[in-house]
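Asker: Heads up, my numbering is the position in the sequence shown plus 1241, with the first residue counted as 1. Where is the CB? At the ideal position from N, CA and C, for every residue including glycine. Just so you know, these numbers come straight off a predicted model, no measurement behind them. The structure's right below; bear with me while I get my questions together.
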Amino acid sequence: NAGFAEIVIGRSVFSLEKDSNGKLKILDRFEGALMHGINGQGPISCVANLVGDPKQEIVAGTTVYRMATPPAGAKKRADCTGSETGEAKTWCDGQLVVVWDGQAVNGTTALPSGNREGFCAIADVLGADQTKAPGPQNALDGVAEVIVVSNGRLLVLNGQTGKLALNLDAAAGNNGGPPNVDDFDGDGFPEVGTAFGAAYVVFDLQATA
């Protein structure tokens, strides 16, 4: 929340500064150690405030990262002295902090290795009770979920905790494109659409009549 905007590509964050001629250049790189946000192609990452603190998080596949807190007074990694510990050392080492990782939260059975990567979107698509379909009796709660298209499946995870709410098979080929979230059928609740190898699929998350 200070200085120039950063460039985020997958699990990499590039900070910027101006050179002596006033032109922008790369200052530092920070990188996560888990998922990249790839799905046959990519990476594609998403940036949003998911956990309610003043900072934004980075979604790459089924991993959510954040920037570490720098040492007091440090504006760039070259300001580090080498004596830092804890999160300050993480920042000086150019590492991102894992907020949550979907497989660590849900286990390998619910979220196997083949579905840890994927393309993301961030939107409120579920009600307050995430064990039930959204609808008039379970209205959207204004809290965004993490939506991931991963190797032929649609995953919806709680944005704050990483708990897996939905894991749906598109039955339309592998991989899949970025998720598009909108009210496709005009019922007042969002659906999720994306292109797979064999078809464009729209997932209706509401209960059938």
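Assuming glycine 1471 and phenylalanine 1360 are in contact, meaning their beta carbons sit under 8 Å apart, how far apart are those beta carbons, in whole angstroms?
Answerer: Outside the shown range of the chain (1242 to 1450) lies residue 1471, about which nothing can therefore be said.
Asker: In the DSSP assignment, find the unbroken beta strand (DSSP E) run with valine 1340 in it and report its ends.
Answerer: Looking at the DSSP string, the run of the beta strand (DSSP E) that includes valine 1340 is 1338–1342.
Asker: Restricting to Cα atoms, I'd like to know which of Leu1407, Ala1364 and Asp1365 is closest to alanine 1351.
Answerer: Answer by Cα proximity: Leu1407.
Asker: So within the stretch 1279–1338, which uninterrupted beta strand (DSSP E) runs reach at least 3 residues, ignoring any that extend past its ends?
Answerer: Whole beta strand (DSSP E) segments, 3+ residues: 1286–1289, 1298–1301 and 1304–1307.
Asker: CA-CA distance, aspartate 1334 and glycine 1427?
Answerer: Taking the straight line from one Cα to the other gives about 49 Å.
Asker: Where does valine 1384 fall in DSSP's three states?
Answerer: Coil.
Asker: Between the alpha carbons of lysine 1373 and glutamine 1447, how many angstroms are there, rounded?
Answerer: Those two C-alpha atoms are separated by around 9 Å.
Asker: Nearest by alpha-carbon distance to tryptophan 1332: which of Arg1307, Ala1369, Leu1381 and Asp1365 is it?
Answerer: Comparing Cα-Cα distances from tryptophan 1332 to each of Arg1307, Ala1369, Leu1381 and Asp1365, the minimum goes to Arg1307.
Asker: Mapping the DSSP letters down to three states, classify valine 1346 as helix, strand or coil.
Answerer: DSSP places valine 1346 in helix when its eight states are reduced to three.
Asker: In three-state DSSP terms, what is serine 1354?
Answerer: If DSSP states are grouped into helix, strand and coil, serine 1354 belongs with the helices.
Asker: From what residue to what residue does the beta strand (DSSP E) around serine 1261 run?
Answerer: Run containing serine 1261: none; DSSP gives neither H nor E here.
Asker: With C-beta atoms as the reference, is valine 1366 less than 8 Å away from proline 1419?
Answerer: For valine 1366 and proline 1419, no; Cβs fall outside 8 Å.
Asker: Looking at the secondary structure, which residues open and close the beta strand (DSSP E) in which threonine 1402 lies?
Answerer: Element bounds for threonine 1402: n/a, residue is neither H nor E.
Asker: Could you check which residue in Gly1429, Cys1287 and Val1339 has the C-alpha nearest to that of alanine 1380?
Answerer: The residue with the shortest Cα to Cα distance from alanine 1380 is Gly1429.
Asker: Judging by CA-CA distance, which residue of Ile1363, Gln1336, Val1387 and Leu1409 is the nearest neighbour of glycine 1393?
Answerer: Checked all of Ile1363, Gln1336, Val1387 and Leu1409; the closest Cα to glycine 1393 is Leu1409.
Asker: Output the distance between the C-alpha atoms of lysine 1266 and asparagine 1415, rounded to the nearest integer angstrom.
Answerer: When rounded, the distance between both Cα atoms is 38 Å.
Asker: DSSP has valine 1390 in a bridge; who is on the other side?
Answerer: In DSSP, valine 1390 forms a bridge with Phe1360 and Leu1395.
Asker: In this structure, what does DSSP give as the bridge partners for threonine 1435?
Answerer: The partner list for threonine 1435 (beta bridge, DSSP) reads Val1442.
Asker: Where does glutamate 1272 fall in DSSP's three states?
Answerer: Residue state, collapsed to three classes: strand.
Asker: May I have the straight-line CA-CA distance separating serine 1391 from asparagine 1421, to the nearest angstrom?
Answerer: Their Cα atoms are separated by approximately 14 Å.
Asker: Tell me whether alanine 1439 is buried or exposed, calling it buried when 16 or more other Cβ atoms sit within 10 Å of its Cβ.
Answerer: Exposed is the call here.
Asker: Counting only the same chain and skipping the five closest in sequence on each side, list residues whose C-beta sits under 7 Å from that of aspartate 1269.
Answerer: If we look at aspartate 1269 and ignore the five residues flanking it on each side, its Cβ neighbours are Ser1256, Lys1317, Arg1318 and Gly1335.
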